[in-house]
Amino acid sequence: MSGETAQKSIDDKSNVLIELATKIWENPEIAFQEVKACQWTAEVLEKEGFEVEKGYAGVPTSLRAVWGSGKPVIGFLGEYDALANLSQKVSTVKDPVVDGAHGHGCGHNLMTPACVGAAIGLKKEMEEKKLEGTIVFYGCPAEEVLTGKAFMARGGAFRELDIAFSWHAGTNNTLNLGVMAALNSAKFHFKGTTAHAGAYPFNGRSALDAAELMNVGANFLREHVPDITRIHYAFTEVHGAPNVVPDRASVWYYIRALSRDTVVDVYERLIKVARGAAMMTETEVEVEFMGGCYNTMQNETLVNVIKEAMEELPEIEWSEEDMKFAEALNKDNPDYDRMVAAGLIEKGVHLDNSAPSIRRTDAFGSNDVSEVQYICPTAFLTTPCANNAAVFHQWPTTACAGHSIGMKGMLQGAKAMAVTALKAVENPEIITKAKEEFDKATNGKKYICPIPDDVPIPQ
Ligand SMILES: [Zn+2]
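Written out as structure tokens, the structure reads:
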């Protein structure tokens, strides 16, 4: 059967893939700092016969690894960045490795090994069958700040691809055709004048007042934007003490919406709110655009082929210990009963290994796989890598991403992508159909990177 060699070679390399996932998990690096993860991934792929270029497309911690020649060109999109403050041991109780340190609370330590596994498995079977085609693995930094792939795309990445695949750790075997939100990220820096807050307040111009008034304006703006919008902010800097009028204040905004056009529109209106706040307080405002991404656009043709491939795979075999670990985490989850009552999870299941399903659920989270989805037909999937009540960006996910639960889900994801890609290589009509769908959806519009050329890549 097609795909058997690919699956077997992923199993044969499981030690290498698990070792890579474990090393990245043990050394969590946040956005644009993924130096070690990039290096270790490069070493594995070089050993496997891929030609590797680090610092690809002008992004220091990105990577491109290529094997093969000619068409089709198949891309795999690995990620490896961690999250702040999510350090956690492989334990069912909250117990950070280092309190306040970074951790893999979104399972991105598994994403690169899954894509590396898919690339290795596909290569092996293509070699065996002497199939023509090119495999490109991309190490993509900074997914958590949703700008890594846009910076790579700005540098020319992904244009070479016919189709691409991405996989994310999840709580079940899911393919979602719903939309994830587009985003703009920007900091608003207000500058005022200090003064003695008690004796001479009339001499001061408060940057903090300006930032607060901007937030008031933004909160009123919410009423007059489309329902598919989200606006959220955090103060990142305030100078001073109560007895000194603050001359510096910065506030960081995310605008999300289910369409990129809405994000751009609301962002322009938010800039007016910021300027209004500066005018009211006689301060100045500087807008620092940090980056952005498109809303996701799954390729349904590829999603259907992934589902077929997932159905052909043997189920993940959970051990007794895996089940106990997941059950303990579920017991500890205060929302467990609510999630059961809402029909989000099945009571007593703990590790959801059910057959892959296709959903159509829009979500206000974002995923920068969107950038590639507007360049070529691209699809992403999830497999179970955590207890079924896990909520990502929390410590139980960090625990599962370092546990055999995460590793097993990762290997399953690698196999699903390899088998799907193989089907596309062996049946060119799949790629033709995926491209027709893509052309229809984009209607001839070329991808325009949401990050202008003058925005520097964060160091
Ligand atoms: Zn993630």
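Numbering of the sequence shown is given in the working numbering, commencing with residue 852 and proceeding in unit increments. For glycine and all other residues, C-beta sits at the position ideal for the given N, C-alpha and C.
C-beta contact flag for residue i and residue j at 8 Å
i: L1059; j: V967; result: no
i: F1086; j: V1067; result: no
i: F1140; j: A1100; result: no
i: L1026; j: P1207; result: yes
i: C1144; j: A1001; result: yes
i: G1049; j: P1097; result: no
i: I1302; j: T998; result: yes
i: S920; j: T985; result: yes
i: S1110; j: I1082; result: no
Environment of residue i [buried if 16+ CB atoms lie within 10 Å]
i: H953; result: buried
i: M1130; result: exposed
i: K945; result: exposed
i: V1030; result: buried
i: K864; result: buried
i: M1161; result: buried
Limits of the beta strand (DSSP E) - the one that residue i falls within
i: N1035; result: 1033-1042
i: S1101; result: 1099-1108
i: L997; result: Segment: none, L997 is in no beta strand (DSSP E) and carries neither H nor E.
i: T1234; result: 1229-1235
i: A1214; result: That residue, A1214, is in no beta strand (DSSP E); it is neither H nor E in DSSP.
i: C1144; result: 1135-1144
Which of helix, strand or coil DSSP assigns to residue i
i: F1016; result: strand
i: S1255; result: helix
i: N1294; result: coil
i: F1009; result: coil
i: H1047; result: strand
i: E1337; result: Past the edges of the chain, shown from 852 to 1310, lies residue 1337, and the structure says nothing about it.
i: C889; result: helix
i: N1054; result: helix
i: T1025; result: strand
i: C991; result: strand
i: F883; result: coil
i: H1075; result: helix
i: P1279; result: helix
i: E1168; result: coil
Interface flag, residue i vs chain B, CB-CB below 8 Å
i: N1023; result: Checking the listed chains, one finds no chain B in this structure; it contains a single protein chain.
Those residues which DSSP pairs with residue i across a bridge
i: I925; result: I986, I1014
i: W918; result: I986
i: A1085; result: W1103
i: G954; result: L934
i: K945; result: Note: K945 sits in no beta bridge, so no partner.
i: V1095; result: H1047
i: T1080; result: A1108
Span of the alpha helix (DSSP H), counted from its first residue to its last, around residue i
i: V1156; result: 1151-1163
i: S913; result: S913 -> no alpha helix (DSSP H), and no H or E assigned at all.
i: V1220; result: Neither: V1220 is in no alpha helix (DSSP H) and is coded neither H nor E.
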